[in-house]
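Peer 1:
Numbering (this note's numbering), first residue to last: 200 to 387.
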């Protein structure tokens, strides 16, 4: 999965004046305040570029999939969030254990509410099907650009992206995750 950022509209943005850079950033919906050098970084996509810190080995990926398929994927309410298991068996840490979803027991979409157990999985399947249909009808060669707003603990996003890649065979070229809790200095 490749994480990428916005490409500049002008082939040589270093020649642009600060006002022109701000206008291009505003047109892209990106923050347009700050020093000129930071604005250039942002316009080039380097200020918002996210790269995974470590590559997840094939073996770890297989262990995650095996745990999910063997029904050893026990989601649990931990604090305010429903989270996947901490371990995959034999003491192997689950690389997805920090992801989560809302654990509000009053919510109609609460995973453990009687009669609502299938709502979230069904919604993931529905979204993946619609996105896949659009992808195969229009996007294909370039890869899908996925953006999630107010995405919180990312479990839904992971489920959706995983299904798009593994089941629907959709190529994903960029992932944009936008949430106030991702700001620098946030402890959420």
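Ideal Cβ placement from N, Cα and C applies to all residues, glycine included.
Please read these numbers as outputs of a predicted model, since none were measured by experiment.
#1: Is residue 280 helix, strand or coil by DSSP?
#2: By a C-beta neighbour count over all protein chains shown, 10 Å radius and 16 as the cutoff for buried, is residue 283 buried or exposed?
#3: How many Å lie between residue 358 and residue 305 at the Cα?
#4: Let me confirm a value: residue 352 is counted as buried when at least 16 other C-beta atoms fall within 10 Å, else exposed. Which label applies?
#5: Please say whether residue 354 and residue 343 have beta carbons closer to each other than 8 Å?
#6: Hey, could you find the ends of the beta strand (DSSP E) residue 346 is sitting in?
#7: Tell me, please, which residues DSSP counts as bridged to residue 299.
#8: Given this structure, state the Cα-to-Cα distance separating residue 377 from residue 298, to the nearest angstrom.
#9: Pull the bridge partners of residue 377 from the DSSP assignment, please.
#10: Out of curiosity, what's the CA-to-CA distance linking residue 221 and residue 373?
#11: Please list the terminal residues of the continuous alpha helix (DSSP H) segment that includes residue 332.
#12: Which residues share a DSSP beta bridge with residue 286?
Peer 2: Judging by the given coordinates:
#1: Counting from 1 along the chain shown, the entry for residue 280 is found at position 81. Residue state, collapsed to three classes: strand.
#2: For the purposes of this step, residue 283 is taken as residue 84 along the chain shown, with counting starting at 1. Result: buried.
#3: The sequence position of residue 358 within the chain shown is 159, counting from 1. The sequence position of residue 305 within the chain shown is 106, counting from 1. Near 23 Å, if we compare the C-alpha coordinates of residue 305 and residue 358.
#4: Sequence index remark: in the chain shown, residue 352 carries index 153 (1-based). With 16 or more Cβ atoms within 10 Å of its Cβ, residue 352 is classed as buried.
#5: Start at 1 with the first residue of the chain shown, and residue 343 comes out as number 144. Start at 1 with the first residue of the chain shown, and residue 354 comes out as number 155. Their beta carbons are not under 8 Å apart, which means residue 343 does not touch residue 354 by this criterion.
#6: Within the chain shown, numbered from 1, the residue matching residue 346 stands at position 147. Start and end: 343-348.
#7: Working through the chain shown from its first residue, we reach residue 299 at position 100. Residue 299 is bridged to 353.
#8: Locating residue 377 in the chain shown gives position 178, where the first residue counts as 1. Locating residue 298 in the chain shown gives position 99, where the first residue counts as 1. Those two C-alpha atoms are separated by around 15 Å.
#9: As a working mapping, residue 377 is identified with position 178 in the chain shown. Looking at the DSSP assignment, residue 377 forms a beta bridge with 348.
#10: Within the chain shown, residue 221 is the residue found at index 22, counting from 1. Within the chain shown, residue 373 is the residue found at index 174, counting from 1. When rounded, the distance between both Cα atoms is 23 Å.
#11: Here the question's residue 332 lines up with position 133 in the chain shown. Element bounds for residue 332: 318-333.
#12: Translated into positions along the chain shown, residue 286 becomes position 87. Looking at the DSSP assignment, residue 286 forms a beta bridge with 292.
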